[in-house]
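Enquirer:
Numbering (this note's numbering), first residue to last: 4 to 538.
#1: Tell me whether residue 506 sits in a helix, a strand or coil according to DSSP, three-state version.
#2: I believe residue 194 touches residue 49 by the beta-carbon criterion, under 8 Å. Please report the beta-carbon distance rounded to the nearest angstrom.
#3: Please determine, among 81, 462, 176, 497, the residue with the shortest C-alpha to C-alpha distance to residue 341.
#4: Please work out which residues of its chain come closer than 7 Å, Cβ to Cβ, to residue 95, disregarding the five sequence neighbours upstream and downstream, and give them in chain order.
#5: With a 10 Å radius around its C-beta and 16 neighbouring C-beta atoms as the bar for buried, classify residue 239 as buried or exposed.
#6: Figure out for me which residue from 199, 455, 466, 97 has the closest Cα to the Cα of residue 172.
#7: Would you identify the three-state DSSP class for residue 473, choosing helix, strand or coil?
#8: What separation, rounded to the nearest whole angstrom, lies between the Cα atoms of residue 1 and residue 160?
#9: Could you work out which residue in 40, 155, 127, 108 is closest to residue 64 when comparing CA atoms only?
#10: Can you tell me whether DSSP reads residue 207 as helix, strand or coil?
#11: Helix, strand or coil for residue 23 per DSSP?
#12: Would you mind stating whether residue 416 and residue 425 have Cβ atoms separated by less than 7 Å?
#13: Starting from residue 280, trace the alpha helix (DSSP H) both ways and give me its first and last residue.
#14: Rounded to a whole number of angstroms, what is the C-alpha to C-alpha distance between residue 212 and residue 147?
#15: Does DSSP put residue 186 in a helix, a strand or coil?
#16: In or out: residue 124 buried (at least 16 other Cβ within 10 Å) or exposed?
#17: Quick check on the burial criterion: 16 or more other C-beta atoms within 10 angstroms. Buried or exposed for residue 476?
#18: Report the option in 137, 396, 29, 321 whose CA atom is closest to the CA atom of residue 162.
#19: Considering only their Cβ atoms, is the gap separating residue 413 from residue 190 smaller than 7 Å?
#20: When you compare only the Cα positions, how much space is there between residue 196 and residue 55?
#21: Could you tell me if residue 34 is buried or exposed, where buried requires 16 or more neighbouring beta carbons within 10 angstroms of its beta carbon?
#22: Since residue 132 and residue 126 are thought to touch, with beta carbons under 8 Å apart, how far apart are those beta carbons, to the nearest angstrom?
#23: Helix, strand or coil for residue 441 per DSSP?
#24: Could you check the C-alpha separation between residue 402 and residue 260 for me, to the nearest Å?
#25: For residue 269, count neighbouring Cβ atoms within 10 angstroms of its own Cβ and tell me buried if that reaches 16, exposed if not.
#26: What does the Cβ neighbour count give for residue 77, buried or exposed, with the cut at 16 atoms within 10 Å?
#27: Is the stretch 373–393 close to the stretch 327–342, with three or more CB pairs under 8 Å?
#28: Should residue 186 go down as buried or exposed, given a rule of 16 or more other Cβ atoms within 10 Å for buried?
#29: How many angstroms separate the CA atom of residue 484 from the CA atom of residue 176?
#30: Count the other CB atoms within 10 Å of the CB of residue 115; is the residue buried (16 or more) or exposed (fewer)?
#31: Can you tell me whether DSSP reads residue 89 as helix, strand or coil?
Printed below as a string of C-alpha cells:
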C-alpha cells in the first residue's frame, strides 16, 4: 500500500472514531430531555422500541457494510471487474432478500411482540418499525463499497448527519408530547419516523460524497457467485454487528421480561411501566461512562495490529495499555457515578426514584468498558466468531437471571442481572485473551496501590463535599452546578493520584481529551515530588 493510501486509511479510521464518539455521546445526552419532557412512562415507551431501532442502525453501520466492504476489497485485490450485473446488483439483491425476511418476520410478529412484552398499545409501533429494515440495503451498499475502497469519510459524515436529524426530530416530538399535541405512545412512532428520515438523509449524504466505480467496458461472461455473496453477507454481517450489540441485546431482554416480571412482583401495569422508565434512566448514564472507559482506550490500539500480536512485543504493550486504561478510567467513572447517583438522578431526571437500582446498574460501566475493549482486540486477531458465541451465552444468562430475580426484587433484580451477566462476559473474554496472549498478563501489570489510593481519595473528597452539601438548600439548577463542580474536583483528584503513583503512562494520557492539560498536570506533580524529595 502506498504511503498516501496508508495516510488516507489512518485519517479515515480516525474520522470514523470521531463520528462514532459523536454518535455515542449524542445518543446518551438526548435521552435526558426526552425523559424530562415525556416523563417516566413516555421514556418507557421510547425505550421499549429503542433496542430494535438500535439494532437496525448497527446492522446498517457496522454489520452489513463490513461484509460488503470485505467483498469489495477482495474484488479489487483480484482485479476482478466491478460491474452492475456481476457485483453491485447481486450484492444489493442479497441485502434486500435478508432484510426483506427481517421486515416480514417483524411485521408478522408485531402483535405477538406487543403481547409478550405486556403492552398491546405498542403493536402499531413495532409494525411501523419493521419498515426500517427496508432502508438497510441501500445504506449498507454505499457504506460497504466506500469502505472497500478505503474511503471512510462518507460513512463518518453520513453517521453524523443521520444522528443529528434523528435526535432533532425525537426531541421535537417529545416537546409536542409535553404540550399535549401528541399522545404519549406517539413518541414511539415518531422515534421510528425520525430514524427513517435520518436514514434517508444518510443515504443522500452517501450518494453525494461517493460514487460507485463501475467497469462498463468488461464484456466477459462470468458466473455470479450467489452462494459466496449470500454466505459472506449473512454470516459476516450478523457476526460483525453482534459484537457491537452487547448492551442493546441486554436491553432487548429487558423489553420482553421486565414488565411481565414486575407484574409478577405484584405491581399494577401503569406502575410497572413507570418502574421500567425509571430503570431505563441508567442507560444514558452507562453509555456515557462506557464512552470514556472504552472509546479512548481503543484509540491506543493501532489499526496495524494483526494475528502476529503474540510475537510482536510492541503491539503486546499497546494491547495491555488499552485494557488497563479502560479499567482505570472505568473504575473512576463507576465509583464516581455510584457516589453521586442520587444527585445526578435529581438533576437529570427531576427526582431520586430508583437510585439504589441505578447504583447497582452502574457497576455495568466497569465490566462493559473492559469487555468492549477486549472484544475489539480479539476481533483484530480473528476471534470474532468466538466472541459472538460468548455474547449469546451472556444474553441467555441475562434472560435466566431476569426471570429469577425481577419477580422477587423488581427493577433491582434487572440491575443485578445486567451487572452479573456483564461480569460473566468480562471474565470469559478475559480468560480467552489470556489463553491467546499468555504474555499479556493484564492483572500482573495493574498498579493496584495507585488505583486503590486514587479511588479512596476521590471517595473521601466526594464524601466531604456531599457532607457539606447536606446542610445547604438547593434548587435543581444550583444542584446541577454543585454536581458538575463535584465531578470536576473528584475527577481531578482521581487523575492526580493516578499521575502521582505512576499508574498511567504518557501514551495513555495522550488518548484522553485535553491530554495537554494532563501532561502539564503531570509535570507539576512530578516537580512537587522532587521538591518534597529535596527537603
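The beta carbon of each residue, even a glycine, is placed where N, CA and C say it ideally should be.
Expert: So, from the listed chains and residues:
#1: If DSSP states are grouped into helix, strand and coil, residue 506 belongs with coil.
#2: Your pair residue 194 and residue 49 checks out as a contact, with CB atoms roughly 6 Å apart and the cut at 8 Å.
#3: Selected option, being the one with the closest Cα: 462.
#4: So the qualifying residues of the chain are 140, 144.
#5: Residue environment analysis places residue 239 among the buried positions, since at least 16 neighbouring C-beta atoms fall within 10 angstroms of its C-beta.
#6: Nearest to residue 172 by alpha-carbon distance, out of 199, 455, 466, 97, is 199.
#7: If DSSP states are grouped into helix, strand and coil, residue 473 belongs with coil.
#8: A query on residue 1 cannot be resolved here, the shown segment of the chain reaching from 4 to 538 and no further.
#9: Per the Cα distances, 155.
#10: Note: residue 207 maps to helix in three-state DSSP.
#11: Here DSSP, grouped into helix, strand and coil, assigns residue 23 to helix.
#12: No.
#13: Segment 272–282, the alpha helix (DSSP H) holding residue 280.
#14: Residue 212 and residue 147: Cα-Cα distance of roughly 14 Å.
#15: Three-state DSSP puts residue 186 in coil, outside helix and strand.
#16: It is exposed - the Cβ of residue 124 has fewer than 16 other Cβ atoms within 10 Å.
#17: Label assigned to residue 476: exposed.
#18: That would be 29, whose Cα lies nearest to the Cα of residue 162.
#19: Not in contact: residue 190 and residue 413 (Cβ atoms no closer than 7 Å).
#20: Separation of residue 196 and residue 55 (C-alpha to C-alpha, rounded to the nearest whole angstrom) is 13 Å.
#21: Per the 10 Å Cβ criterion, buried.
#22: In this structure, residue 132 and residue 126 do not form a Cβ contact; the two beta carbons are roughly 11 Å apart against a cut-off of 8 Å.
#23: Coil at residue 441, not helix or strand.
#24: If you draw a straight line from the Cα of residue 402 to the Cα of residue 260, it comes to about 8 Å.
#25: Under the 10 Å beta carbon count, residue 269 is surrounded by fewer than 16 other beta carbons and is classified as exposed.
#26: Looking at its Cβ environment, which holds fewer than 16 other Cβ atoms inside 10 Å, residue 77 is exposed.
#27: They touch, by the three-pair rule.
#28: With fewer than 16 other Cβ atoms from the protein chains shown falling within 10 Å of its own Cβ, residue 186 counts as exposed.
#29: Straight-line Cα distance between these residues: approximately 28 Å.
#30: It is exposed - the Cβ of residue 115 has fewer than 16 other Cβ atoms within 10 Å.
#31: Here residue 89 sits in helix by DSSP.
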